[in-house]
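Structure record follows, encoded as structure tokens.
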Amino acid sequence: MSEDNPYSSNGSANKGWLEKLLNNFKGEPQNKEELSEVISDAEQRDLIDPQTKEMIEGVMEVSEMRVRDIMIPRAQMITIDVEQGIDEFVPTMIQSSHSRFPVINEDKDHIEGILLAKDLLYYAFNQDKDFSLKSLLREAIIVPESKRLDALLKEFRQQRYHMAIVVDEYGGVSGLVTIEDILELIVGEIEDEYDEEANENDNIRPLNKSTYSVKALTPVDDFNTFFETSYNEEESDTIGGVILRAFGHMPKTGEKVDIDNIQFEVTNSDKRRLLQLKVYIPELEK
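For what it's worth, the UniProt record's numbering labels the leading residue of the sequence shown as 1, then goes sequentially.
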């Protein structure tokens, strides 16, 4: 029989090897929920540290999100009018500490281009040269609100640009998004040596119309003033303290809790304290 079918024994051997291989993969995660459990288990067994776990979860989160979920809303965009003189818009640039600015004509629906702060250095050292704002503008990249964040991040890297103007389904400008906004979802808040001084009062940052990034050390009274809430300022000095009381334990990154119809998600923490929160305001648009 083996002579009639000389490959039968090899076929059986191959089949046995394949079955063993498949059996080894039966315990592998079949969906993102199971994958998250595997990652959490790896952290608990000290196979990866908490920061690595946060980055992996950030990558998974980015793959599910759209530009509309993290864009800086239109109302929060800091822009420069194309008709402004250099003496008029430089104070705005200095105060904001940003490096890129959309330049508009008439209103925010008419974007002329993007101005990079570094492109003004030439005129700082050559003040006798005629200044032309239009000549300095870079092309404004336009993306729809529905674009996937992972696809946009890939374009940012491949095409070497750092900011995109976001438009809605009717073509109107609804906000902007930067590569830093996406990277912060993966690695947490990105701060440089000037951020503490420049943003000492910037504890609450809008991500979209109903989602905010909030530092856990934000004073409760500041939080109440901004969101028109009434959390007890005597029980906790910071909003992080309010969250800890609600959890009743030290929450891990990704845990959520609802307090008075507002949802809080821990986006950055260590074993001793909360660092950063994401706040969802379903019935309040500011």
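Backbone N, C-alpha and C fix where the C-beta goes; we use that ideal spot for every residue, glycine too.
Open item on the list: Less than 8 Å between the beta carbons of residue 181 and residue 174, yes or no?
Closed with: no
Task: Status (buried if at least 16 other CB within 10 Å, exposed otherwise) for residue 63 - done: exposed
Task: Buried or exposed (CB count within 10 angstroms, at least 16 for buried), residue 213 - done: buried
Open item on the list: Measuring straight from C-alpha to C-alpha, what distance separates residue 200 and residue 215?
Closed with: With a pLDDT of 45 at residue 200, under the threshold of 50, the modelled position of that residue is not reliable, and no figure is offered here.
Task: Among 219, 162, 251 and 226, the one whose alpha carbon lies nearest that of residue 238 - done: 219
Open item on the list: Which residues does DSSP list as the beta-bridge partners of residue 31?
Closed with: Its beta-bridge partners do not exist; DSSP assigns none.
Open item on the list: Short of 7 Å in beta carbon distance, which residues of its chain neighbour residue 81, apart from the five on each side in sequence? Order them along the chain.
Closed with: 104
- [ ] Would you kindly work out how many angstroms separate the C-alpha atoms of residue 255 and residue 106, rounded to a whole number?
- [x] 44 Å
Open item on the list: Could you tell me the alpha carbon to alpha carbon distance between residue 41 and residue 66, rounded to whole angstroms?
Closed with: 28 Å
Task: Neighbourhood of residue 260 by C-beta distance below 7 Å, restricted to the same chain and skipping five residues each side - done: 229
TODO: Identify whether residue 265 lies in helix, strand or coil by the three-state DSSP scheme.
DONE: strand
Open item on the list: Under 8 Å, with one C-beta from each stretch per pair, do the region 128-136 and the region 109-120 reach the 3-pair mark?
Closed with: yes
Task: C-alpha distance - residue 140 paired with residue 73, whole-angstrom precision - done: 17 Å
Open item on the list: Does residue 282 come out as helix, strand or coil in the three-state DSSP assignment?
Closed with: coil
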